[in-house]
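*Asks:* Structure in structure tokens, see below.
There are 4 protein chains.
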Amino acid sequence: MSPEIKGASLPKPLRGVFPPMITPLLAPDRLDAAGVERLVEHILAGGVNGLFILGTTGEGPGLSYRLRRELIDRTCRQVAGRVPVLVGISDTAFGESVDLAVHACKAGAQAAAVAPPYYFDASQAELLGYFERLASALPIPLYLYNAPSYTGLFLRVDTVRRAAQIPGVLGIKDSSSNMIYFHSLLHAMRDRPDFTLLVGPEELMAEAVLLGGHGGMCGGANMCPELYVSLYQAAARADLPEVNRLHERVMQISTTVYHVTGDDSAYVAGMKCAVSLLGICGDTMAEPFRAFGAAEREQVRRHLMAAGLRPLGERA
Amino acid sequence: MSPEIKGASLPKPLRGVFPPMITPLLAPDRLDAAGVERLVEHILAGGVNGLFILGTTGEGPGLSYRLRRELIDRTCRQVAGRVPVLVGISDTAFGESVDLAVHACKAGAQAAAVAPPYYFDASQAELLGYFERLASALPIPLYLYNAPSYTGLFLRVDTVRRAAQIPGVLGIKDSSSNMIYFHSLLHAMRDRPDFTLLVGPEELMAEAVLLGGHGGMCGGANMCPELYVSLYQAAARADLPEVNRLHERVMQISTTVYHVTGDDSAYVAGMKCAVSLLGICGDTMAEPFRAFGAAEREQVRRHLMAAGLRPLGERA
Amino acid sequence: MSPEIKGASLPKPLRGVFPPMITPLLAPDRLDAAGVERLVEHILAGGVNGLFILGTTGEGPGLSYRLRRELIDRTCRQVAGRVPVLVGISDTAFGESVDLAVHACKAGAQAAAVAPPYYFDASQAELLGYFERLASALPIPLYLYNAPSYTGLFLRVDTVRRAAQIPGVLGIKDSSSNMIYFHSLLHAMRDRPDFTLLVGPEELMAEAVLLGGHGGMCGGANMCPELYVSLYQAAARADLPEVNRLHERVMQISTTVYHVTGDDSAYVAGMKCAVSLLGICGDTMAEPFRAFGAAEREQVRRHLMAAGLRPLGERA
Amino acid sequence: MSPEIKGASLPKPLRGVFPPMITPLLAPDRLDAAGVERLVEHILAGGVNGLFILGTTGEGPGLSYRLRRELIDRTCRQVAGRVPVLVGISDTAFGESVDLAVHACKAGAQAAAVAPPYYFDASQAELLGYFERLASALPIPLYLYNAPSYTGLFLRVDTVRRAAQIPGVLGIKDSSSNMIYFHSLLHAMRDRPDFTLLVGPEELMAEAVLLGGHGGMCGGANMCPELYVSLYQAAARADLPEVNRLHERVMQISTTVYHVTGDDSAYVAGMKCAVSLLGICGDTMAEPFRAFGAAEREQVRRHLMAAGLRPLGERA
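Residue numbers (the working numbering), protein chains in the order written: chain A, 9 to 324; chain B, 9 to 324; chain C, 9 to 324; chain D, 9 to 324.
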């Protein structure tokens, strides 16, 4: 497929909520196929604008390649074209990233997302060359993913600006949590209204959209997609009272469900536990992590109740 | 003065724009007294809600104690009670912080602001104890200052929540640039509407205020205070189109004037150079920094023109 | 193979020099098979005590799995049991690490080495559990690899002490460059003389061995293995004048050949360039890196001459 | 005094052990004058080669200026020229550093030591300019102090090499704990045998001296100076068995006495507690820290016994 037509069917920019789907597992290396089906339907029912699999929330780098391919296949089959599917292909090995994107393309995914390779420290010039070679090797368009707390590398504004000129590079998802950086990106790309600028953390989507960003990923959409979709829509139509009301709920979830332990894994473990309490799929984690025990699970259950989300078996 | 009545005259919370004033110098250790007078008038003419001296932008920790005291005296005299004056007393030595606050109180300043001591690494419990002992030793109320990039220490949400119960601790200025943290603070303090939550970086004031924060510091207010005051007011009245228009100007200044060199000192040096080009005071820096040379100065001049700020000698 | 007899043939502790072999490539994803043969012979001729492939110096995480397996096969065949072969299996995906170790075992490798998974931040308890499950899944013994600058995670002394009790965990390679940590490890493990403690950076091998460590990896052994072997031996026999003479040569190489550019990749790129200048194999780098250009290559050539290493075509 | 003769009486390089003296306090801001006398005599009795006051171990940046001056006066009077006294003048304010050095010179101190200013981030060029202006303003010679974990700034090898050409800059104390850096310094300065290269952490002194360094600071010398002096001497005469025996004792102290709590302050608090248990002075800490409670004190007491140091009231 030529670069010119890669991604022809995708909105430019992408706008709205693109949940980073957790990966339902029966065992650390065994996919929960029925869970995938239920989770996809749960998320899509919330009115999201796309689905992002194999990202950080999806424990992508922690899954075997066999499982990653199976997840791509089952997700694309279940989504069946209702919304675009973006596939995380971040890897330390270039060839594995390309192979995964080729597989994703065949399965019907619309685009790939890639963070910088996360073992060796690469310079900005090295990263730019990497994005050029990667984009030209892919059969689907590419979104950059700035995730410094995971990769140890920061995509500078100037690097993004130059990468935006590579055919097939359509946008960036920024998970730096640094809104000065995000605003600098928006400012630097103001002459490229087609280039997608999404923010990773759900806690920052409201302000990102209020001030010109195109949307967000919102991991919490695995639990309650309609909350984040409503927040996006309120922000997009500048309904500030509603934005504040919904943002407050987002913060309530974020400050409780994602911090049941002090470990960094508490975010994904809390999310998986919550989705499990909602009856959608199990809470098995990929290595090197473990699902919450009973005490933590009870805390999550209470946090969900407090947030107005009803765990299975609880009365309204 | 008893803790009960410390800060009785201050609004709770403080709301609006409280510029961190640069320190006009004739030489690295010699105050530009006339420059202080002109700068105070320039800033106050913009309609700001208070003045913050001896902060990071004011190069506070880089100034000799003699000069810090002189600046306090001259600023308070010039302000003459028109707005509250907050004085930065951050120091690695407890006694010096207290002495400076006592001096500030006598000079008529309304409050002190303090970052954690920035040489030794202190635990959150040690910091809480420090704030307790410091607040009880001060004759004026205290605002906390979270400045992790300068101090290497982060004030955790729970630490702030507990510090907020110390008599005389009235609020916090957060310069972490981490808006998830700022929103978490807002969420944690939602039952304490009297506790002031200000954001440091001017690039983040719009969203901070739109989503419940009380205002910001806005270093750029040394150059053009009315821009930041207007932005605050637009955000406070939820006028989103105006917020976006003014925020775009803020970003234009931020991405140009503050980044003429790659050094971290480029922010203060660029600001001082700009204020000097506007004819308000000179651009001398405190040690260990140096004012821009002719080439950088010319760049700042052009950036100011592009931002619609007119350097002296330029035609409208 | 049962844990009890895993690694039965390995010295406990391992002692000496275990070079982290660079990976000879014809293209970023194509192995230089003849180069592998020449390089193995070149290194073994220097009298090293083992060979470590697919580590950081070997660009392990940057290579496709197909290529990693091919390198394992060819290296083990070429070494043919003359020294132990250790294989890096560090990966973010548990299953891929296990598969690689199984392959390595079949190919005749003696042991695996693993750094913590390097995308997600894991707690010390999570890492310990990971090492337990990994070691029990492997057919060969395991050496831990502390590489905080690459993984963002630090293996605490207490974690290593507890990991040392896992069957099949035989030692650690520490590349933290923090000798206080290394000495603390030595002190903590003084009742476990069988547990191997190797230091990664060649610049630190002399002192590590002088003060009780068992040896080092020494990337420079790709160029001139006998230098590092001689240094190890001098340190092991406490010949301090000789240690100082050889250590000075080590520092001369380190401060020149590995720092031709300011990028972090300059270490591996400089090493590969040097080995190429010595006529052993080409200097192709794996993605996302590129081989040096002519100017950098000329600098490396001069550095080699200055260090007494003769590039091809240079007269003695 | 002209730069040419500054430091004329000091050995070049300084060699041996220069303990960073803790500051005996009766209260956080009140010097324990009798304690200073006893501590100076205790340390000097161990045969040290100089004394370093107001460093990190001395809580220098945490003390009021009045107290710093009093400590300088009393220490110099007590030492009475028996060994050189080096005074830490690290400060964020240039003028305060100069004033302190002038005071130290009048009191009879031989030299000053300075870390980079530790609030603002300065570039290497800015630091070099700072050292130039500082050295020329001081009446006594200057030793640089590389303390990245406290200052957030790293003195690059090239910066040190250039600073070594400033009149009055006589050496560096490196507390980075990075021995690759220390060896790179030694290598870069091999044509300047007069330039002093000391290592900060006592755990690294053995190897520093074995491989060409000139000595160390050794905080533990506040407790048992003769241990570190003996270790230095054994290393200087290349007596490796004795080095290993003494280094093992150093590690035993380091891994116990300095880590009774997990806080960073545990190093100084543990040291002060130990010196107090030895009957030399009290354990009061400067703000923002607190002396150990009874439980921690009991742990330190046991650690001292295990290390063969006899607390007061314990039988031999």
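C-beta: ideal position from N, C-alpha, C; glycine also.
Computed from a prediction, not measured in an experiment: that's the story for all the values here.
Which of the three DSSP states is assigned to residue 19/B in this structure?
*Replies:* Three-state DSSP puts residue 19/B in coil, outside helix and strand.
*Asks:* Grab me the residues of residue 334/B's own chain with a C-beta within less than 6 angstroms of its C-beta, minus the 5 sequence neighbours each way, in chain order.
*Replies:* The structure shown has nothing for residue 334/B, since chain B only spans 9 to 324.
*Asks:* Looking at the secondary structure, which residues open and close the alpha helix (DSSP H) in which residue 83/B lies?
*Replies:* 73-87 is the span of the alpha helix (DSSP H), which, as asked, contains residue 83/B.
*Asks:* Can you name, in chain order, every residue of its own chain whose Cβ lies under 6 angstroms from the Cβ of residue 159/B, other than the five neighbours on each side?
*Replies:* Closer than 6 angstroms at the Cβ level, and outside the excluded window around residue 159/B, lie 123, 124, 126.
*Asks:* From the DSSP secondary-structure annotation, give me the bridge partner or partners of residue 177/D.
*Replies:* DSSP, once it has assigned bridges, lists 150/D as partnering residue 177/D.
*Asks:* Would DSSP call residue 59/C helix, strand or coil?
*Replies:* Residue state, collapsed to three classes: strand.
*Asks:* Can you list, in chain order, the residues of its chain with a C-beta nearer than 7 angstroms to that of residue 274/B? Leave out the 5 residues immediately preceding and following it.
*Replies:* Excluding positions up to five away in sequence, the list reads 266, 267, 268.
*Asks:* Specify whether the stretch 90-108 of chain A and the stretch 66-78 of chain A touch according to this definition: at least 3 beta carbon pairs, one from each stretch, less than 8 angstroms apart.
*Replies:* At 8 angstroms Cβ cutoff, the stretches touch.
*Asks:* Output the boundary residues of the alpha helix (DSSP H) element that contains residue 6/B.
*Replies:* Outside the modelled stretch of chain B, which goes from 9 to 324, sits residue 6/B, for which no answer is possible.
*Asks:* Can you find a C-beta in chain A that's less than 8 angstroms from the C-beta of residue 241/B?
*Replies:* Taking Cβ atoms only, chain A never reaches closer than 8 angstroms to residue 241/B, which makes this a no.
*Asks:* Following the continuous alpha helix (DSSP H) through residue 265/C, name the residue where it begins and the one where it ends.
*Replies:* Run containing residue 265/C: none; DSSP gives neither H nor E here.
*Asks:* Distance check for residue 121/D and residue 225/D, CA to CA, integer angstroms please.
*Replies:* Each residue's Cα considered, the two are about 12 angstroms apart.
*Asks:* Is residue 184/B close to chain D, meaning its C-beta is less than 8 angstroms from at least one C-beta of that chain?
*Replies:* It does not: the Cβ of residue 184/B has no partner Cβ on chain D nearer than 8 angstroms.
*Asks:* Does the Cβ-Cβ distance between residue 55/B and residue 237/B come in under 8 angstroms?
*Replies:* Cβ distance < 8 angstroms, so residue 55/B and residue 237/B count as in contact.
*Asks:* Just the Cα atoms here: how many angstroms apart are residue 110/B and residue 103/B?
*Replies:* Their Cα atoms are separated by approximately 11 angstroms.
*Asks:* Tell me the residue span of the beta strand (DSSP E) that contains residue 96/C.
*Replies:* From DSSP, the beta strand (DSSP E) with residue 96/C extends over 93-96.
*Asks:* Which residue marks the beginning of the alpha helix (DSSP H) containing residue 167/D, and which one marks its end?
*Replies:* It spans 165-171 - the alpha helix (DSSP H) in which residue 167/D sits, taken as one unbroken run.
*Asks:* Would you mind working out which of 183/D, 175/D, 179/D sits nearest residue 162/D, comparing C-alpha positions?
*Replies:* Residue 162/D has its Cα closest to that of 183/D, out of 183/D, 175/D, 179/D.
*Asks:* In terms of residues, what are the limits of the beta strand (DSSP E) holding residue 35/A?
*Replies:* Where residue 35/A is concerned, the enclosing beta strand (DSSP E) stretches over 33-35.
*Asks:* What does the alpha-carbon distance come out to for the pair residue 11/B and residue 113/B?
*Replies:* Low local confidence applies: a pLDDT of 43 at residue 11/B is under 50, so the model's placement there is unreliable, with the coordinate-based value given in what follows. Taking the straight line from one Cα to the other gives about 14 angstroms.
*Asks:* Quick check on residue 140/D - is its C-beta less than 8 angstroms from some C-beta in chain B?
*Replies:* No, residue 140/D does not count as interfacial toward chain B.
*Asks:* Pick out the complete alpha helix (DSSP H) segments inside the stretch 244-306 of chain A, 4 residues or longer, and give them in chain order.
*Replies:* The qualifying runs are 248-264, 274-285.
*Asks:* Give me the subset of the stretch 102-124 of chain A whose CB atoms are less than 7 angstroms from a CB atom of chain C, sorted by chain position.
*Replies:* So the close ones are 102, 103, 104.
*Asks:* Can you name, in chain order, every residue of its own chain whose Cβ lies under 8 angstroms from the Cβ of residue 165/A, other than the five neighbours on each side?
*Replies:* Cβ neighbours of residue 165/A beyond the five flanking positions: 189, 192, 193, 196.
*Asks:* List the endpoints of the continuous beta strand (DSSP E) containing residue 205/C.
*Replies:* First-last of the beta strand (DSSP E) with residue 205/C: 204-207.
*Asks:* At 7 angstroms on the CB atoms, spell out the chain B contacts of residue 126/D, in chain order.
*Replies:* Correct list: 126, 127.
*Asks:* What did DSSP end up calling residue 144/D once you bin it into helix, strand or coil?
*Replies:* In the structure shown, residue 144/D sits in a helix (DSSP, three-state: H, G or I).
*Asks:* Would a check of beta-carbon distances place residue 337/C closer than 8 angstroms to chain A?
*Replies:* Nothing about residue 337/C can be read from this structure; chain C reaches only from 9 to 324.
*Asks:* Look up residue 221/C in the DSSP assignment and say whether it is helix, strand or coil.
*Replies:* Note: residue 221/C maps to coil in three-state DSSP.
*Asks:* Rounded to the nearest angstrom, how far is the Cβ of residue 32/A from that of residue 44/A, given a contact under 8 angstroms?
*Replies:* Confirmed, about 5 angstroms.
*Asks:* Output the distance between the C-alpha atoms of residue 206/C and residue 155/C, rounded to the nearest integer angstrom.
*Replies:* Their Cα atoms are separated by approximately 12 angstroms.
*Asks:* Considering only the alpha carbon of each residue, which of 294/D, 260/D, 295/D, 297/D lies closest to residue 308/D?
*Replies:* Answer by Cα proximity: 260/D.
*Asks:* Please tell me whether residue 100/B has its Cβ less than 8 angstroms away from any Cβ of chain D.
*Replies:* Yes, its Cβ sits closer than 8 angstroms to a Cβ of chain D.
*Asks:* Quick check on residue 82/D: buried or exposed, where buried means 16 or more other Cβ atoms within 10 Å of its Cβ?
*Replies:* Residue 82/D should be labelled buried.
*Asks:* For a contact defined as C-beta to C-beta under 8 angstroms, what are the partners of residue 137/A on chain C?
*Replies:* In chain order: 296, 298.
*Asks:* Just to confirm, is the Cβ distance from residue 101/B to residue 149/B under 8 angstroms?
*Replies:* For residue 101/B and residue 149/B, no; Cβs fall outside 8 angstroms.
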